[in-house]
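Below is one structure, written out as structure tokens, with a few remarks after it.
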Amino acid sequence: MQQKNNAAEPAPNAVGAHHILYLVIVGGVFAALTVVFLFFPRTTYSELEKRDLAEFPDMGRITEAPAEVTADISHWFSDSEPFRDEFMTMSMRIRDAFRYTPDGDEEAVSFRPSADMPAAEDEAAGFDGIAGDAAPGEYHNNVNAEENAKVANAGIIIVGSGEKVRALMAYGGTAKGGGAYVSAVNAYAEAFPGVNVYAMPVPTATEFYLPEKAAKCSNPQRPTLVNIHNTLSPSAKFVDVYSALAGHVDEDIYLRTDHHWAPLGGYYAARQLAHVAGVPFRDLSSYETRVVHRFVGSMYGYSKDISVKNAPEDFVYHIPVGVDYTTTYVTYNVNKNYEVTSESKPYTGRYFHQYKDGSGAAYLTFMGGDQHLVKVRTSTPGSRRLLVIKDSYGNTLPGYLFFSFSEIHVVDFRYFTRNMKKYVADNGITDIVIAFNIFNAYGSAAPSKIKRFLTQAGGSFAAPDAPEEKHTTDTTNHEKGSDRHQSAPVEPEPETVDTPEPPVNTASGASAAVAEPDAPEEEQ
């Protein structure tokens, strides 16, 4: 008689119990998620993505455009799920835990140019020996040339590991770029023959910190800058920010977790401008240093790489000491199409805003953002009055020039409703600098807007939204800028608002935005 070995086979009841337990767990998770997604409050703003999430559509349009309203409802439901940031962070942590980590000297990723990235032009020999000291010089990466890197979400390049992780945006421009920027600068030089006009294109961190192993992932920015230098009108002056920064790459001149440069980078650029302009300039011993600890900027949300969040940095800025200054603002209100609908009356407010440790809004320290026309009157003697026409990279510059000019006026290329010729004449402007990051200097949108300032009539505004409401602006669009917009404050103290211009990744279509501010604390 053959005896069966039942010890190796689970009892039928045990198998059924396991199946039931599995179904109970899966069913419980599904039921819990269903309750969360159906009944918990919807998320309205994503701190991770730095944007306002979709709003429930106007159901009054259901009879006119039922398909469109239905699609908007679907988008609202998927875009504004409860605990959106928490779920996304958990997903990133899981992906990071399962990511393959190379050993030793093995490369982390094999880089190939994006399909839509223009090929870099091999004209390096033509850049040597360019006449004039203002041309950008050669630079070779000696900081992190051998580091490994990986490509994260939206084509953002993550360099290094641990607490020194750096996020970079690829550049797709060539040596033939910058024509629209040059045209705008030349137009200003022609329009204001008695005024000093400066071209100040600013390279991004990618130019200085991209490892050699990832060289094919981004085109060099120096050829574009050299082309700008060589095609400028003799009536305009070139400010060589590239060379000024290249001598300090071992310092914190760029933010690691944000698409902007650090205030220290703005300091060296302002020093170079002062040198070209022939005005006095004070070193950092004339400034008080302030620090926002544990800053994580825009690149975390765009790369969706947890290593960026895990590598917070210090946001260090400097407040001038020994010079008196008064800041006057005019704040612009905009509609949902980012058009200026009205402006506030002039009011005085603080120039430097202070943020708590851990705030992702630290870059708004300067003037509270971009959505203003700003005038700073200093105690510096003399008749030199500077007008800064800028994108958000230019926000760091004015605070380092209070010792150099008696007045500094600040105009953002997205918000100016007056006639520039009249403005320059009325305010006795003696110097104009057009400070754009390389992406805006390469493209045509921003230069075209500031060129239009010369001929626009001024005093006209776009129609506000109906019904009237305060709008927030998502500036992941290259032409529009990034952060929340708020209506002009009623009180004389400005609220913190911003639309910093993120450089668009012309290689992969990526762009970056800037953090929504916490309520600023008063400066001490």
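Mapped onto this note's numbering, the consecutive letters of the sequence shown carry residue numbers 487 to 1010. Note that CB positions come from ideal geometry on N, CA and C, so glycine has one too. Here the structure is a predicted model, which is why all the values come from computation and not from measurement.
Query - Top-ranked residue by Cα proximity to P622, from P749, L859, Y695, Q758 - result: To locate residue 622, count along the sequence shown from 1; it is residue 136. Answer by Cα proximity: Q758.
### Other residues of its chain near P689: CB distance less than 6 Å, five sequence neighbours each side excluded
As a working note, residue 689 is residue 203 in the sequence shown. The answer, listed in chain order, is Q707, Y728, I924.
Apart from the five residues on each side of it in sequence, which residues of its chain come closer than 8 Å, Cβ to Cβ, to A730? Within the sequence shown, numbered from 1, the residue matching residue 730 stands at position 244. Contacts found: Y754, A755, R757, Q758.
* **7 Å Cβ cutoff met for S878 and A666** => As a first step, residue 878 must be located in the sequence shown, where it is residue number 392. As a first step, residue 666 must be located in the sequence shown, where it is residue number 180. Taking 7 Å as the Cβ cut-off, S878 and A666 do not qualify as a contacting pair.
*Could you say which of I511, G646, I918 lies nearest to M686 if we only look at CA atoms?*
Position 200 of the sequence shown, counted from the first residue, corresponds to residue 686. With distances taken between Cα atoms, M686 lies closest to I918.
Let me make sure I understand the geometry here. Which of F902, T775, L850, Y849 has the alpha-carbon closest to that of G945? Indexing the sequence shown from 1 puts residue 945 at position 459. The candidate whose alpha carbon is nearest that of G945 is F902.
Three-state secondary structure (DSSP) at E554?
As a working mapping, residue 554 is identified with position 68 in the sequence shown. E554: helix per DSSP, three-state reduction.
Q.
Once the 5 residues before and after E633 are set aside, which same chain residues still bring their CB inside 6 Å of it?
A. Locating residue 633 in the sequence shown gives position 147, counting from the first residue. Correct list, in chain order: V645, G646, P697.
The ligand MN and A943: does any heavy atom of the ligand fall closer than 6 Å to the residue's C-beta? Inclusion of the ligand MN in the displayed structure is not the case, the ligand content being empty and no account of it being possible.
Within this structure, are the beta carbons of G783 and T743 separated by less than 7 Å? As a first step, residue 783 is located in the sequence shown; it is residue number 297 there, counting from the start. As a first step, residue 743 is located in the sequence shown; it is residue number 257 there, counting from the start. Contact flag set, yes.
Exercise. Take the Cβ of A932 as the centre, count every other Cβ of all protein chains shown within 10 Å, and call the residue buried at 16 or more, exposed below.
Key: Counting from one through the sequence shown, the residue named residue 932 turns up at place 446. Its Cβ being crowded by 16 or more others within 10 Å, A932 is buried.
Q942 by DSSP, collapsed to three states: which one? For the purposes of this step, residue 942 is taken as residue 456 along the sequence shown, with counting starting at 1. Of the three classes helix, strand and coil, the one that applies to Q942 here is coil, per DSSP.
Fill in: Proximity to P709 [Cα-Cα], best of S719, V671, G658
Here residue 709 refers to the residue found at position 223 of the sequence shown. Of the candidates S719, V671, G658, the one whose C-alpha sits nearest the C-alpha of P709 is G658.
| message | So, does the segment 789–809 touch the segment 882–892, judging by three or more C-beta pairs under 8 Å? | response | yes
**Message:** For N672, which residues in the same chain have their Cβ closer than 8 Å to its Cβ, ignoring the five residues on either side in sequence?
**Reply:** Indexing the sequence shown from 1 puts residue 672 at position 186. So the list reads L718, S719, S721, A722, once near-sequence residues are dropped.
With DSSP as the reference, label T827 as helix, strand or coil. Working through the sequence shown from its first residue, we reach residue 827 at position 341. T827 falls in the strand class under three-state DSSP.
Q.
Comparing C-alpha positions only, which one of K937, K831, E541, M853 sits nearest to V896?
A. Stepping through the sequence shown from its first residue, residue 896 is reached at position 410. Of the listed residues, the one whose Cα sits closest to V896 is M853.
Requested in this report: Let me know if Y508 comes out buried or exposed under the rule of 16 or more other beta-carbons within 10 Å of its beta-carbon.
Outcome: Indexing the sequence shown from 1 puts residue 508 at position 22. Looking at its Cβ environment, which holds fewer than 16 other Cβ atoms inside 10 Å, Y508 is exposed.
Span separating the alpha-carbon of A881 from that of R836 | Residue numbering aside, residue 881 sits at position 395 when the sequence shown is read from its first letter. Residue numbering aside, residue 836 sits at position 350 when the sequence shown is read from its first letter. Checking the sequence shown, residue 881 turns out to be Asn, not Ala. Spanning the two alpha carbons is a distance of roughly 14 Å.
Within its chain, find whatever has a CB closer than 7 Å to the CB of K662; leave out the 5 residues flanking it on each side and keep chain order. Here residue 662 is taken as the residue at index 176 of the sequence shown, counted from 1. Cβ within range, chain order: N713.
Check this for me: beta carbons of V794 and Y841, under 7 Å apart or not? As a working note, residue 794 is residue 308 in the sequence shown. As a working note, residue 841 is residue 355 in the sequence shown. Cβ distance not < 7 Å, so V794 and Y841 don't count as in contact.
Practice prompt. Using 10 angstroms around the beta-carbon of T834, count the other beta-carbons present and answer buried if the total reaches 16, otherwise exposed.
Written response: Within the sequence shown, numbered from 1, the residue matching residue 834 stands at position 348. So T834 counts as exposed.
- Task: Ignore the nearest five residues each way along the sequence and tell me which others in E955's own chain have a CB closer than 8 Å to its CB.
- Result: Taking the sequence shown and counting its residues from 1, one reaches residue 955 at position 469. The predicted position of E955 is uncertain, since its pLDDT is 44 and thus under 50; no value can be drawn from it.
- Report the rounded CA-to-CA distance for L750 versus F801, giving the unit in angstroms. As a position in the sequence shown, residue 750 is number 264, starting the count at 1. As a position in the sequence shown, residue 801 is number 315, starting the count at 1. Computed Cα separation, rounded: 10 Å.
### Query
Quick one: Cα of Y811 to Cα of E774, how far?
By one-based count along the sequence shown, residue 811 stands at place 325. By one-based count along the sequence shown, residue 774 stands at place 288. Going from the Cα of Y811 to the Cα of E774 covers about 15 Å.
CB of S830 within 7 Å of CB of F947, strictly
Against the sequence shown, residue 830 aligns to sequence position 344. Against the sequence shown, residue 947 aligns to sequence position 461. Contact flag unset, no.
message: Which of the three DSSP states is assigned to F781 in this structure?
response: On the sequence shown, residue 781 is found 295 positions in, with the first residue counted as 1. Strand at F781.
Worksheet entry | Among Y684, V910, G680, nearest to T941 - alpha-carbon criterion | Stepping through the sequence shown from its first residue, residue 941 is reached at position 455. Among Y684, V910, G680, the Cα nearest to that of T941 is on V910.
_Please identify the residue among V809, I920, G680 whose C-alpha is closest to the C-alpha of F724._
As a working mapping, residue 724 is identified with position 238 in the sequence shown. Looking at the Cα atoms, I920 is the closest of the given residues.
In terms of alpha-carbon separation, which member of T916, T851, G868, A848 lies closest to V874?
-> Walking along the sequence shown from the start, residue 874 turns up at place 388. Looking at the Cα atoms, T916 is the closest of the given residues.
Practice task
Express the C-alpha separation of D898 and V983 in angstroms, rounding to a whole number.
Solution key: By 1-based counting over the sequence shown, the position of residue 983 is 497. By 1-based counting over the sequence shown, the position of residue 898 is 412. Note on V983: pLDDT 35, under 50, position unreliable in the model; no value is reported.
Original post:
Along the chain, where does the beta strand (DSSP E) that runs through F801 open and close?
Top reply: Within the sequence shown, residue 801 is the residue found at index 315, counting from 1. Its beta strand (DSSP E) spans residues 799–806.
Please give me, in chain order, every unbroken run of the alpha helix (DSSP H) with length at least 4 that falls completely inside the segment 714–752.
727–732
Taking a contact to mean a Cβ-Cβ separation below 7 Å, would you say G914 touches R871 in this structure? Within the sequence shown, numbered from 1, the residue matching residue 914 stands at position 428. Within the sequence shown, numbered from 1, the residue matching residue 871 stands at position 385. For G914 and R871, yes; Cβs fall inside 7 Å.
Worksheet item: Among R652, A949, P766, H839, which residue has its Cα nearest to the Cα of K822?
Response: For this step, residue 822 is matched to residue 336 along the sequence shown. The shortest C-alpha separation from K822 is found at A949.
Report yes if the C-beta distance between G476 and R780 is below 7 Å; otherwise report no. This structure leaves residue 476 out entirely; the chain is present only between 487 and 1010.
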